[in-house]
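What follows is a set of notes on a single structure, which appears directly below.
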């Protein structure tokens, strides 16, 4: 099950907001800095590694190497260096970070290791879960929950709802999964929610390209016939996979003569594959739709009704529990990457001018392992600190949590937070929080038309092209007016 929470902040633009949407004084909210990550110390007590002198001696050269490259990346960005050079420097930084993380995991306490295959076999034999339609051969990436699996899921969702929805008096909705194309076109999912894949040229079997390349290069590295230079090249490519373009991945396919891992047949050129399940709504088949890839859209399209239900006041939060669907090219990692899964999602709507929360005092003394973006670039490990200290020291510039690099955010997010835990499959996301701060100047045509009449068209066009959003907001907040143009 995936848990997701997103924060939306709405700046004050009095002239361009309907009167009933006027913001009240917020009492809580959050504003984050860059992509953020919290690593939960349940399975990976990194603070124990930090205090182990022998481990630190081994890790010190690797940390220094990451810091050196991180300083280079900072320098290039601050001096507005060549984009290609920056890209290469960031890729090298990723390589060094990956080497450091692998060594940290290798030095983790032995008692963390366990036999995943035996655990999964036990869960299947006791029918916690099992592959869907198994008697007909099954479908990868789809699973059925048995009695104990249902009970576990029910208890988890009940606890989640009690802790978040009931305790925080959130507004719960239950929206349809079948979503018209226009909605997901507006959110960017139709154009951007895609992965690269390749096809077996003879039988048409599809493979997700980044997973295929990684699997093949891992095999090349493990071969005793591979030279050290080739192994290093494989490691470099694997570390850069997330940032490789379509053409660069195609070049890797050609260079290493990668074939279908099942048949050994030749593969097609990389193709973009949208991860949403497409369908047709109605008997004519003319109205295109999709099964929702996340539950957020149902909340967003009902924002006005939720705001009215909340008497036109911000802040408020809306929650939804429901299924989401993603047509994964090659599902793997057991229950971690599937084609249908339950999401428990929260959308917070607040005014960015007030980031406080009345219950912050109850959690400010809690210890957490926080991995800041700065520490990642310096090759340092997570630091253990209280939430209150992190906010006070500006490690976290609001009453929320830790930090991550900025290159892994969703297409719709200006900020992104992950809480991760170490599993037998590696680090996995337990919960994520995306921030979508609405800082566009979006004119209200109805209001402008009544106020400016004939000149409204010129004003709307000027607003649509205006870029100085900070100056626009500052002028309105200080004097209630702002001048555009000469």
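Numbering (my numbering), first residue to last: 1103 to 1588.
Just so it is clear, CB atoms sit at the ideal spot from N, CA and C, and this is done for glycine as well.
Here the structure is a predicted model, which is why all the values come from computation and not from measurement.
Own chain partners of residue i with C-beta closer than 8 Å, once the 5 adjacent residues on each side are dropped
{"i": "residue 1439", "result": "1243, 1430, 1433"}
{"i": "residue 1361", "result": "1367, 1368, 1369"}
{"i": "residue 1412", "result": "1273, 1418"}
{"i": "residue 1187", "result": "1178"}
{"i": "residue 1145", "result": "Residue placement at residue 1145 is flagged as unreliable, the pLDDT there being 40, under the threshold of 50; the coordinate-derived value follows with that caveat. Only 1214, 1523, 1524, 1525 meet the Cβ criterion."}
{"i": "residue 1388", "result": "1382"}
{"i": "residue 1404", "result": "1275, 1277, 1420"}
{"i": "residue 1270", "result": "1419"}
{"i": "residue 1216", "result": "1526"}
Which of helix, strand or coil DSSP assigns to residue i
{"i": "residue 1369", "result": "strand"}
{"i": "residue 1439", "result": "coil"}
{"i": "residue 1385", "result": "coil"}
{"i": "residue 1580", "result": "helix"}
{"i": "residue 1460", "result": "coil"}
{"i": "residue 1585", "result": "coil"}
{"i": "residue 1328", "result": "coil"}
{"i": "residue 1405", "result": "helix"}
{"i": "residue 1411", "result": "helix"}
{"i": "residue 1282", "result": "strand"}
{"i": "residue 1342", "result": "helix"}
{"i": "residue 1233", "result": "strand"}
{"i": "residue 1469", "result": "strand"}
{"i": "residue 1364", "result": "coil"}
{"i": "residue 1246", "result": "strand"}
{"i": "residue 1254", "result": "helix"}
{"i": "residue 1304", "result": "coil"}
{"i": "residue 1320", "result": "helix"}
{"i": "residue 1397", "result": "coil"}
{"i": "residue 1133", "result": "In this prediction, residue 1133 has a pLDDT of 40, which is less than 50 and means its spatial position is unreliable; what the coordinates show is noted afterwards. DSSP places residue 1133 in coil when its eight states are reduced to three."}
{"i": "residue 1172", "result": "helix"}
{"i": "residue 1160", "result": "helix"}
{"i": "residue 1167", "result": "helix"}
{"i": "residue 1260", "result": "helix"}
{"i": "residue 1177", "result": "helix"}
Residues near residue i in its chain [Cβ-Cβ closer than 6 Å; skip 5 each side]
{"i": "residue 1277", "result": "1400"}
{"i": "residue 1191", "result": "1174, 1175, 1178"}
{"i": "residue 1315", "result": "1354"}
{"i": "residue 1141", "result": "Because the pLDDT at residue 1141 is just 45, under 50, the model does not fix this residue reliably, and the point stays unresolved."}
{"i": "residue 1421", "result": "1267, 1272, 1274, 1448"}
{"i": "residue 1235", "result": "1241"}
{"i": "residue 1338", "result": "1197"}
{"i": "residue 1424", "result": "1397"}
Where the alpha helix (DSSP H) containing residue i begins and where it ends
{"i": "residue 1218", "result": "1218-1227"}
{"i": "residue 1209", "result": "Taken as a continuous stretch (DSSP letters only), residue 1209 belongs to no alpha helix (DSSP H), as it is neither H nor E."}
{"i": "residue 1556", "result": "Per DSSP, residue 1556 belongs to no alpha helix (DSSP H) and is neither H nor E."}
{"i": "residue 1241", "result": "Here residue 1241 belongs to no alpha helix (DSSP H), and DSSP marks it neither H nor E."}
{"i": "residue 1293", "result": "1291-1294"}
{"i": "residue 1353", "result": "1348-1357"}
Among the options, the one whose alpha carbon lies nearest that of residue i
{"i": "residue 1304", "options": "1368, 1269, 1271", "result": "1368"}
{"i": "residue 1391", "options": "1283, 1466, 1435", "result": "1283"}
{"i": "residue 1356", "options": "1343, 1342, 1371, 1345", "result": "1371"}
{"i": "residue 1280", "options": "1341, 1297, 1381", "result": "1381"}
{"i": "residue 1293", "options": "1306, 1219, 1374", "result": "1374"}
{"i": "residue 1427", "options": "1447, 1288, 1157, 1394", "result": "1394"}
{"i": "residue 1245", "options": "1492, 1301, 1225, 1310", "result": "1225"}
{"i": "residue 1379", "options": "1286, 1402, 1446, 1454", "result": "1286"}
{"i": "residue 1365", "options": "1309, 1172, 1217, 1396", "result": "1309"}
{"i": "residue 1168", "options": "1159, 1182, 1201", "result": "1201"}
{"i": "residue 1164", "options": "1205, 1180, 1194", "result": "1205"}
{"i": "residue 1249", "options": "1230, 1442, 1262", "result": "1230"}
{"i": "residue 1464", "options": "1453, 1490, 1486, 1455", "result": "1490"}
Terminal residues of the beta strand (DSSP E) in which residue i lies
{"i": "residue 1450", "result": "1442-1452"}
{"i": "residue 1418", "result": "1418-1427"}
{"i": "residue 1277", "result": "Where residue 1277 is concerned, there is no enclosing beta strand (DSSP E), given that its DSSP letter is neither H nor E."}
{"i": "residue 1486", "result": "1485-1488"}
Own chain, CB closer than 7 Å to residue i, minus 5 neighbours either side, in chain order
{"i": "residue 1196", "result": "1341, 1342"}
Per DSSP, cross-strand counterpart(s) of residue i
{"i": "residue 1299", "result": "1310, 1373"}
{"i": "residue 1265", "result": "Beta-bridge pairing links residue 1265 to no other residue."}
{"i": "residue 1390", "result": "1382"}
{"i": "residue 1525", "result": "1528"}
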